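Chemist: For the sequence shown, our numbering assigns the number 24 to the initial residue and increments by one for each residue that follows.
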Amino acid sequence: MKEISAYERDLILAVTGEGRSPLPAGVLEKDLVVTAVLRSLARFQGNTQLVFCGGTCLAKAHRRVQRMSEDVDFKIRPSPGTSGSARRKGRGELRQALTEHLRKDGFSIPPETVKSRAANAKVSLQAEYASRFSPVASLRPEIQVQWVEAMPRLPVETLEVRSLLAEAAGLEESRFTWSCVSVAETTVEKVVALLRRLGSHSPADGRSTPGEFIRHIYDVAMSAQKPWKTGQAEESRKVFWEATQADAQEFGSRYPEFAADPARKMQHALSLLKTDPGGVMEKAYDRFAADMVFGEKPSYAEARKAFCEIAEDWLATSNG
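1) Taking the alpha carbon of Asp96 as the point to measure from, which residue in Val243, Leu36, Phe75 has its own alpha carbon closest?
2) Please state whether the Cβ-Cβ distance between Val56 and Ile27 is less than 8 Å.
3) Return yes when the Cβ of Lys145 is within less than 8 Å of the Cβ of Met179, no when it is not.
4) Under a Cβ-count criterion, where at least 16 other Cβ atoms within 10 Å of its own Cβ denotes burial, should Met174 be classed as buried or exposed?
5) According to DSSP, is Glu249 helix, strand or coil?
6) Mind reading off the beta-carbon distance from Glu335 to Leu293? Whole number of angstroms is fine, and I expect it under 8 Å.
7) Counting beta carbon pairs with one atom in the region 189 to 208 and one in the region 59 to 69, are three or more of them shorter than 8 Å?
8) Taking contact to mean 3 or more Cβ pairs, one atom from each stretch, closer than 8 Å, check whether the region 308 to 327 and the region 234 to 254 are in contact.
9) Along the chain, where does the alpha helix (DSSP H) containing Gln272 start, and where does it finish?
10) Where does Ala339 sit, in a helix, a strand or coil, going by DSSP?
11) How would you write the range of the alpha helix (DSSP H) that Val181 sits in, first residue to last?
12) Let me know the secondary structure DSSP gives Val206 once reduced to three states.
13) So is Ser276 buried or exposed if we call it buried at 16+ other beta carbons inside 10 Å?
14) Cβ atoms of Leu177 and Ser202: under 8 Å apart, would you say?
15) Three or more beta-carbon pairs under 8 Å between the region 250 to 267 and the region 162 to 171, yes or no?
16) Give me, in chain order, the residues of the same chain whose beta-carbon lies closer than 7 Å to that of Glu208; leave out the 5 immediate sequence neighbours on both sides.
17) To the nearest angstrom, how far is the alpha carbon of Glu319 from that of Asp309?
18) Closer than 7 Å by C-beta to Ala29: which residues in its own chain qualify, once you throw out the five before and the five after it? Chain order, please.
19) List the whole-angstrom C-beta distance separating Ala247 from Ile333, where the pair is believed to meet the contact cut-off of C-beta under 8 Å.
20) Name the two residues that bound the continuous beta strand (DSSP E) containing Phe12.
21) If distances are taken between C-alpha atoms only, which option among Ala192, Gln72, Val303 comes closest to Thr181?
22) If contacts are defined as beta-carbon pairs under 8 Å, then Arg260 and Thr340 qualify, I think. What distance do you get, rounded to the angstrom?
23) Which word fits Ala312, buried or exposed, when buried means at least 16 other C-beta atoms lie within 10 angstroms of its C-beta?
24) Return the chain-ordered list of same chain residues with a C-beta closer than 7 Å to the C-beta of Lys53, the five sequence neighbours on each side being excluded.
25) For Asn70, tell me which candidate among Met315, Ala266, Leu117 has the shortest Cα-Cα distance.
26) Hey, quick one: how far does the beta strand (DSSP E) through Arg43 stretch, first residue to last?
27) Check for me: the beta strand (DSSP E) holding Glu172 runs from which residue to which?
28) Whose C-alpha, out of Gly301, Thr210, Glu305, is nearest the C-alpha of Thr79?
29) Sort Glu265, Tyr278, Ile166, Glu31 by Cα distance to Leu221 and report the nearest one.
30) Under the assumption that Gln89 contacts Phe236 (Cβ atoms under 8 Å), give the Cβ distance between them as a whole number of angstroms.
31) Going by alpha carbons, who is nearest to Gly15 out of Leu36, Arg43, Leu218, Met24?
32) What is the DSSP secondary structure of Gln149, reduced to helix, strand or coil?
Here it is, written out as structure tokens:
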């Protein structure tokens with residue numbers, strides 16, 4: 024089973040003991056393992072391109088957010104000229120190849136954690152590791168690795184990835200790069216995901232609680248602090264509507280009201296964000312910020328304002 028080295032353990036103890044990082048040892052350790060997963064997958068030799076995406080990409084590649092992110096998400100460009108059973112078979116072979124690649128690099132991946140949906144177009148697995156430190160309550164004991172077959176909607180960027188430990192200790196790690204989904208496209212996906220889930224949220228139906236997607240508010244607020252690549256602010260408005268329609272189609276059976284009228288459900292979600300009945304969202308945000316954010320921590324009111332301004336702009340454009 025994967026385990027950090029004795030040198031890395033001692034370096035974590037030194038960094039935390041000397042106050043060079045506000046993060047607990049277990050968080051620095053898990054980030055090292057996340058980095059190891061990314062380093063391993065960057066070496067994967069296959070006939071398809073992996074494109075890093077999601078919150079971990081914002082944190083470790085774009086460096087737009089200063090929080091611990093424990094999932095590894097990426098997109099796989101669809102293979103041209105294939106369809107039907109051939110495409111499904113190819114996706115299954117890729118799932119097997121990626122899983123075995125990680126296992127050869129020392130990660131324990133229980134077979135029951137490898138799950139596929141949508142004819143193998145969506146895959147998730149859990150990479151386990153042996154921890155040398157006390158568990159951190161806000162972290163899961165494994166790395167969630169997920170990928171989806173999808174074309175990036177905006178141009179990708181090649182960026183370097185580093186560990187939090189290397190940054191805290193001022194080390195020059197062996198550098199490696201990833202093709203990364205843009206900040207603008209990631210922001211679009213986070214806005215759509217939160218509005219879809221919050222707009223359709225009902226405690227009675229067993230779906231996700233607000234605390235499970237509150238990170239999107241922080242990520243969007245932080246991503247909006249600096250300008251995006253030239254032209255992407257304008258392109259993002261078009262991409263927002265494309266992503267909304269794709270979500271409505273993909274999640275239509277689970278969220279039928281969203282599929283029937285996405286704009287109305289999104290406006291409803293914005294209303295919930297602004298009124299925050301019972302302070303549920305603010306409490307969830309404050310817990311998230313305390314446990315996972317190690318840098319700048321905008322208040323819930325500040326983060327919510329930034330999120331809502333972006334969402335309202337895109338919704339107004341989408342509705343003509």
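Even for Gly, the Cβ is constructed at its ideal location relative to N, Cα and C. Just so you know, these numbers come straight off a predicted model, no measurement behind them.
Modeler: Reading from the atomic positions:
1) Phe75
2) Yes, the Cβ-Cβ distance between Val56 and Ile27 is below 8 Å.
3) At residue 179 the sequence reads Val, which differs from the Met that was named. Result no, Cβ atoms of Val179 and Lys145 do not sit closer than 8 Å.
4) exposed
5) Note that residue 249 is Lys in the sequence shown, not Glu. It is coil, neither helix nor strand.
6) The beta-carbon separation of Glu335 and Leu293, rounded to 7 Å, stays under the 8 Å limit for a contact.
7) yes
8) yes
9) 255 to 273
10) Helix.
11) Reading off the sequence shown, one finds Thr at residue 181, where the question assumed Val. That residue, Thr181, is in no alpha helix (DSSP H); its beta strand (DSSP E) goes 180 to 184.
12) Helix.
13) For Ser276, the number of other beta carbons within 10 angstroms of its own is below 16, and it is reported as exposed.
14) It is not a contact, given that the beta carbons lie outside the stated cut-off.
15) no
16) Pro175, Arg176, Leu177, Val262
17) 13 Å
18) none
19) About 6 Å; that satisfies the 8 Å criterion.
20) This structure cannot settle anything about residue 12, because the visible part of the chain is limited to 24 through 343.
21) Gln72
22) 4 Å
23) buried
24) Around Lys53: Glu93, Leu162.
25) It is Leu117 whose Cα lies nearest to the Cα of Asn70.
26) Here Arg43 belongs to no beta strand (DSSP E), and DSSP marks it neither H nor E.
27) Per DSSP, Glu172 belongs to the beta strand (DSSP E) from 165 to 172.
28) Thr210
29) Tyr278
30) That pair is no contact at about 19 Å.
31) Since the displayed the chain opens at 24 and closes at 343, residue 15 lies outside it and no answer follows.
32) strand
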